[in-house]
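Structure record follows, encoded as structure tokens.
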């Protein structure tokens, strides 16, 4: 950690900051320069509340040399974490895992129909929302527990694992009972009460990057879950909000090698939300695997024109067949399988 | 609402879309052009789930002529909503309301000390967080119920109203018991379970704009609260995330006249979070009133250097005295008082 | 084109707008709705100056159904444009073209040394800047004409084609004499005088997307070049500026399939500038080809530690060898060669 | 300047970096930490090319403690620069200067008509473009020299000074002959050839912030002009590009106090381009003065509905009368006049 002082900071101000640092059990190294003084801080700075230092008189800025995350960092755990979902399905290893299904659970018939196709094409995990966070209170909000029951039936009939979203602390327990992976969506990435509760139960968590979250914030959100004792976290890049208007979001594929370097956690890509456009799902799926993603989350609907949500970014089962074939080819180039 | 078809959409596709529209009880007006067909839709389109239309084959995009919000819109309620917090304090009328206090409740002594000064300087509402959403699980998380009790004492001793944040549905009820205004923070702007619960109780709600929320999303979040029956919503611009690196956030002051045009709800400005830098709070406070804000939310700490959170953006009570004087001058120019 | 009127626009205002439209030789279709009127416009709207309509009293917004570009659009020219650089090297066809070399021409020795390696590894085009647009006036500004002469020697000795940047209209002619492809950089994407001049000469132009340019703006910039008579334009995605701070820019790979759909022009990717970090060049190169790019622009330096510019994003010749091998594998999956 | 090494950097790597630093005539202070080493650099680091250091093996990042600009910085020149345009009109002093006029010179009659009104209302400088950089090659490109002659007549008849844009190095000399202030637009903020040429002549330069320029880049662009010998530079905030879609650009008013702190140069605000919407010009003009701007640049047109460019953001002369009155009131609060 480095503390940069204002150009006009007095030596008393510098001393006061050094004293504060040392009160925290750390070591301060004052380094006077031509125009201003910087103070290097060594010791275990991971848990320092930097607001306290920033607020000292004469402090200009604070620069973190050591990253603020700990449990999620690769320095803490140098191997890749491989998250075991079932005896067959592991995320973060050599095998790339494709999760597919409709945006929302709309009916038993709809889910079983789509599940049959995606299972046949090679998906290992079925995705569909029973609780839907929607921008408008007038949009379809999901089938709730009835939806969870339908998902249970999908698991049984098609031997698929289930990932579905928990949107609040009240229903998280119920979602956890029914699902194999609990999804925490982009809008809830910094809903810390929800993250803590997800960390206090044993089911794996799929944590999506917030719409304008830095990777440090994404990793800190994961840190909340690990800090409660649950180490089974899978990250997900799903596009960020930028000025660009040709897609709904801008899929930031550089996040994937960056996260892999900084953290031991696996990371998958969601090109359906990441672009918001059906005809971009295939090319961005290929790119996601080529950049190093551990899996994909794909919206598939047998009848996108009548989907109750996200129809414009859902691909058909036929297109999904094509997608899984292309993914096998790319995975092979990456020395992985699919 | 206007539906734009792809250039190569067939007349069958156009007809199918028109049929769908009419099934929804709306009227479709096909309008063939030189290169493509557009379909105008009239009737009450406010509650249409546009995903359903977007997903039809041949549909390129959908353009909302009518805005999706209803209860919050000025077309629905043409007057300014004036939110009565107490018999003396109303937000959205001629009087500009200044809310001030520390980022966090740290201790009884700290709060009473700051409260005395801000009350004397003219603040009507005391702000301080008892529940703190922090990026890091290792940062100070707030005094929780103990903090709420301190706030109750501040109200009593200094005749200040209280605004404090509720961060989850579990504790919202408790927060509501103690506070006069419930704050919903930027990170929770799209926590719909929390919004609904805030809408089901009678206390006024201060809803902050999310870090990358469009104004339509902000208004839709407010719509969730009004839709549950609580019309006492105060909006708050607190800066958005952009590429600019000279401030923590970019305070988007154009949001204020825009919201006032589209909605009847009052809107205040938070230049402390909006810039993240103490020395920018005064100029941006002046600019906020000059652009038309109904109030300000200001972080004040008697000892910013030892604040447990946000010290770098807190001003001292002396600076706050200066701020309130400057605000009176600007308010007068605006034909308001302060 | 659709014109949306304000909710309170009178029928006289609507009529006035319709009259204006018809004066322009177009057809106006007024479409009264429950809350407001929209006016559809058909005919050749491509060259309409929409500012004129927007400025009419009562007009709320204008929506372009037809895109404003013409010569660059795929509707205008449905095939892929294949840009012939030499009898051997064509961009936009089955063969993926890799352009590689240092950021700047630093010396004859440096260029020949790097050129030998990249030619051997399979690059067809050598890149290096003789004129350098630098943020600081105190940074190295390039060897100018001396640099161009060195590039001419590289062409001769290593049978590589040359791409180098022109930064102003004064020197564009000189650059064109020496180079095979004229690069127009991100900072000059909307330097229309330069674009026009590039359009008035016959050498192919590599046009990079501006740091915050929409794809429509990129295509309109290309339209300037084509409109002057030069149809040999190659587009380049090189990252855009967002809030994300883990890379220098955010490489927007969705731009590539989008451009290919809207335009007949080829598009390549620059993962070196697109990420600004050496260790991200390989994964993002793979992703660029997987998403459909027609080529790559890669910074290679034999001694990045002593490069006069962009050393932190340059890879070594050894890494470049590895890169070209990986690219062959990805190209094969895409049914292309490399 | 601080150099942060990778966690796994060896002591040899650290030593090599220190040696490099000292070769540059600077002093290196190695500071080993628990997890990694940082190297403080003191001496005159302003002209160091940091790329060279970043490219060393083992270097993770480089942090600038001293800012890279020099001539524009307030440390270099502690007073406010007051730019004298004429004996009467100075920018950066107590008097706020309003520049107003149409987007483009359309005709002699149009300019004289608007000039009469804005002069009467109190504007000191007339703005209008003779050379227009337009996104589309099919939009009106300006009257060029004929336009400059019309501006000369405006100056003579209405005793107004003139500001007009130069878009390339070829015509800059001609523009300089006719105008009192040369405008360099947002799209050309990093057109360094143009900046240098503007720095080599004596007329004041109005430099607009680029659409996605950081303030450091804006100041570095100004540094190019000062470095050539012209110290008469006026900066201009005109909105930046963000995800927000309710305005054309997001006017970043925090830029104004920031620039004033870092630099001695005056800065004005352009709320017309900054919002792109006529009805936001008044409130954002008030806010601009309240935040500390030294002047305003306002688009005024007597007949916005028929303006050849930017009609939607132009206000009428009547509204401009109202604006100047409101500005006097705000200026008075700021202890300035208008």
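Protein chains in written order, with my numbering: chain G, 11 to 348; chain F, 11 to 348; chain P, 11 to 348; chain S, 11 to 348.
Glycine included, every Cβ here is placed at the ideal spot set by N, Cα and C.
Asked                                                                                                                          : Found
Minimum Cβ-Cβ distance from residue 261 (chain S) to chain F less than 8 Å                                                     : yes
Distance between residue 138 (chain G) and residue 189 (chain G) (C-alpha atoms, nearest Å)                                    : 11 Å
Inter-residue spacing [alpha-carbon to alpha-carbon] between residue 32 (chain G) and residue 45 (chain G)                     : 25 Å
Contact list for residue 268 (chain F) against chain G, beta-carbon separation under 8 Å                                       : Ordered by position in chain G, no residue passes the 8 Å Cβ test against residue 268 (chain F), which lies about 18 Å from the chain.
Validate contact between the region 238-257 of chain F and the region 220-230 of chain S using beta carbons, cut 8 Å, 3 pairs  : yes
At least three beta-carbon pairs within less than 8 Å, the region 169-176 of chain S to the region 109-119 of chain P          : no
Residue 137 (chain S) - DSSP class collapsed to helix/strand/coil                                                              : strand
Own chain partners of residue 331 (chain S) with C-beta closer than 7 Å, once the 5 adjacent residues on each side are dropped : 131
Below-8 Å beta-carbon distance, residue 15 (chain P) vs any chain S residue                                                    : no
Residue 284 (chain G), buried or exposed, once every other Cβ within 10 Å from all chains shown has been counted against 16    : buried
Bridge-paired residues (DSSP) for residue 325 (chain S)                                                                        : S:310
Sub-8 Å separation of residue 71 (chain P) and residue 24 (chain P) beta-carbons                                               : no
Residue 336 (chain G) (DSSP reduced to helix, strand or coil)                                                                  : helix
For residue 283 (chain G), the first and last residue of its enclosing beta strand (DSSP E)                                    : That residue, residue 283 (chain G), is in no beta strand (DSSP E); its alpha helix (DSSP H) goes 281-285.
Amino acids of chain S, ordered along the chain, whose beta-carbon sits closer than 7 Å to that of residue 296 (chain F)       : 300, 301
Helix, strand or coil at residue 47 (chain S) according to DSSP, with G and I counted as helix                                 : strand
Inter-residue spacing [alpha-carbon to alpha-carbon] between residue 77 (chain P) and residue 94 (chain F)                     : 49 Å
Nearest to residue 30 (chain P) (by Cα), restricted to the options P:63, P:144, P:21                                           : P:63
Residues bridged to residue 111 (chain G) [DSSP beta-bridge criterion]                                                         : G:309
Selection from G:69, G:96, G:58, G:101 that minimises the alpha carbon distance to residue 80 (chain G)                        : G:58
Proximal residues of chain S, C-beta to C-beta of residue 340 (chain F) below 8 Å                                              : 300, 340, 343
Spatial distance of residue 192 (chain G) from residue 212 (chain F) (CA atoms)                                                : 33 Å
Beta-carbon separation (whole angstroms), residue 274 (chain G) vs residue 91 (chain G), contact threshold 8 Å                 : 5 Å
CB contact below 8 Å: residue 225 (chain F) versus chain S                                                                     : yes
Any C-beta of chain B under 8 Å from that of residue 12 (chain G)                                                              : Looking for chain B here will not work: the only protein chains present are G, F, P and S.
Of the residues S:290, S:298, S:333, the one placed nearest residue 293 (chain F), counting alpha carbons only                 : S:298
Host alpha helix (DSSP H) of residue 122 (chain P) (start-end)                                                                 : 118-131
Whole beta strand (DSSP E) elements within the region 228-295 of chain P, 3-residue minimum                                    : 243-247, 277-279
Coarse secondary structure for residue 71 (chain F), derived from DSSP in three states                                         : strand
CA-to-CA distance, residue 185 (chain P) to residue 156 (chain P), given in whole angstroms                                    : 11 Å
Beta-carbon spacing of residue 108 (chain S), residue 142 (chain S) below 8 Å                                                  : no
Beta-carbon proximity check, residue 218 (chain F) vs residue 248 (chain F), cutoff 8 Å                                        : yes
Proximal residues of chain P, C-beta to C-beta of residue 234 (chain S) below 8 Å                                              : 147
Beta-carbon proximity list for residue 207 (chain S), same chain, < 7 Å, skipping 5 on both sides                              : 179, 182
For residue 237 (chain F) and residue 195 (chain F), believed in contact at Cβ under 8 Å, the rounded distance                 : The pair is not a contact, with the Cβ atoms about 20 Å apart (cut-off 8 Å).
Interface flag, residue 18 (chain S) vs chain P, CB-CB below 8 Å                                                               : no
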